Each structure stands twice: as structure tokens, then as C-alpha cells.
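Residue numbers (our numbering): 3 to 276. First the structure, in the form of C-alpha cells, and then the observations on it.
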Amino acid sequence: MPATQRNPPQGDGNDAIWHEHAARIRELYFDRKRPRKDCSLLAVKATMESEHGFPVFPKHIWEVKLKNTLGFRKKVQKNDWPRIHQHYEQRKIQGKESKILLNNELIEWRRAWKEMRRSGAVRHSSLKEPLSPLPPGIELRTPSPDLGVASLNTGTGPRVVPEVNWAILTQADQVRGKSINPFDSTHIKVHELGSPMMAADVIGTLRNIPDPKVRPCKYLADRALRETLWHPHGIIYYRALLIAIPKSKGHDHLLSYISVDLHRKWSKSFTVNL
């Protein structure tokens, strides 16, 4: 039986009542299992009033309370991205990798970086300014340490382990590779064979692809140049870039273009299995 509906209150009510029902409001507002229309603000408002005896407030009060009092939001506003980028840069200086979450839901890095650039945050960023608080509902966390190699073995892409030509490796490299090897005896850990030059090859290849259908990969190259060119584990970034590339009309063409080019350059040390 529906709960008795309370009389409309004066003003916007005390914050305590919003916090009291915050868990149920969150459940209704962010429930991905329900149709989108049933998770709209008006639908949640109606459910709370009819089934939970929640006071009747106008829509604009709900909007303010969800955003400012409870920190519930389904979208990141444009003026939020500079603050997010500031925290990202601060963590980067501290040697921390970051993933961005909105209401405990991961924001795809490609989309986050695009929005930060669009907002002007990347161009005008200054770490000399005081660190502003993150917007409500936004968190920056360090990814799980297992995401490094493991994440490259997920999805629809190929297995991320190149076959090694052991004949050209030094005895020390062979011993090291086999001692840390989680795979069978004919493979070595991918990141043990990386080098800055290999990373440079990846970046150069991505930047020089003429097909406009694969332009989305150019910003991956720009990001890699800034953040991973120095890294000795270049191969792992090559595979990470391949898997990060969205499935599109140009995806297969890109894989073919990169694999042929890089296979030719790196075939003396290992074979790239695509």
C-alpha cells in the first residue's frame, strides 16, 4: 500500500530529510537495470512521493538538492573539467596514475581527455593555483596494479604476448624472461622487451596514418608522446593503443597498417601475432 503523501512543505525543506532518503534516491536515480525514463528526475520524484511519503517539492528544488546537497549528477559540467584536470596533473606529479569516476562509475579515459581539452583545461592548466575541491560525485583513484598487463588480455583483441625469437636474445635476457614468465616457455613478458625507440615507432606510425577514418588514433599518439615515450616498456603501450582504439570503419585498416609496419621494424626481435 502506497505511503501516505505528506503535505507540501514551505521552502525547500531541511537537508536532513534529503540525507535520510539519500540511499533510496540514489538507487532509483542511478539504477541501470531500469528503463531510462524510469530513472529520470521526475520519475524518481513521483516514486519518492507516492511510495515513500517524501514531501512534495517542485522540480527545481529537486535539481538543486540532488546536485548540491547529495552530490548526485549524471553528467560532468564543462566548468568542472578544469578542476578535474588540476587534480589529475597534481597526481601525475606525485607519480600516481588516475582513473576518473562519476558516482562510482568509471568515465572512459578517451572521453574524459576529450572533455578536458575541449574545456581549455589542458591548454591553460597551472599548478601554481590552489587546488580546488573536486566537483560533487567526482573521484580520482589509482587503478588496480593488476590492470597493467591483465587489461591488455581482455576484450575482443588478440592475446597480448608476442612470440620471442630466443636465438637473438642474450643468455641473461633468456634467464630473466623465463624466470618471470607467467606464460609457457616460448614466451617472455611483453614489457621486458620494450624500449623507448619502439614506443617512438608506435607514435610515429599512429601520427602518419593518412586514412581520415582513423584520426581518433592521433590523439592517442599525442598522449603517448607526452606520457609514455620515455618509458622503457614501449611494447606494452603499442598493445594498449591497439585495444584502446574504438571499433569503427577504420579499425581493421588501422590494425593492418600498424601490424605490417611494426612487424617489419621489429621482426628481428620478435613476431607480432595479430
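Every residue gets a Cβ at the ideal spot worked out from N, C-alpha and C, and that includes glycine. Given the structure is predicted, the values throughout are model-derived calculations rather than measurements.
Close CB contacts of N81 within its chain, under the 6 Å cut and outside five residues either way in sequence, are absent. Among the bridge pairs identified by DSSP, L108 is matched with L103. One alpha carbon belongs to E65, the other to A45, and they sit about 13 Å apart. Between the region 114-132 and the region 57-77, the count of C-beta pairs closer than 8 Å stays below three; the two stretches do not touch. Between the alpha carbons of S42 and Y31 lies a distance of about 7 Å.
Between P138 and K67 a beta carbon distance of about 11 Å is seen, past the 8 Å cut, so the two are scored as non-contacting. Using a 10 angstroms sphere on the CB of W111, the tally of other CB atoms stays under 16, which defines it as exposed. Contact annotation: M118 and P145 have beta-carbon atoms that are not nearer than 9 Å. Measuring C-alpha to C-alpha distances from E53 to each of H89, H23, I109 identifies H23 as the nearest. Take M50, set aside five residues on each side of it, and the residues of its chain with a beta-carbon closer than 6 Å to its own are F56, in chain order.
Under the three-state reduction of DSSP, E141 is assigned to strand. Judged by DSSP secondary structure, V78 falls outside any alpha helix (DSSP H); it is assigned neither H nor E.
Under the criterion of beta carbons closer than 8 Å, Q88 and L133 qualify as touching, at roughly 6 Å. Secondary structure note for H54: it is in no alpha helix (DSSP H), with a DSSP letter that is neither H nor E. At least 9 Å separates the beta-carbon of L108 from that of I140. One Cα belongs to I27, the other to R34, and the distance between them is close to 14 Å. Looking only at G73, I86, W20, the smallest Cα-Cα distance to P135 is reached by I86.
The shortest CA-to-CA distance from E131 to any of Q92, R113, W115, A114 is the one to Q92.
A straight-line Cα-Cα distance of about 35 Å links W20 and E99. Note that the C-beta distance between K61 and K39 is not below 9 Å.
The three-state secondary structure of Q88, taken from DSSP, is helix.
CA-to-CA, the gap between I102 and I63 works out to about 28 Å.
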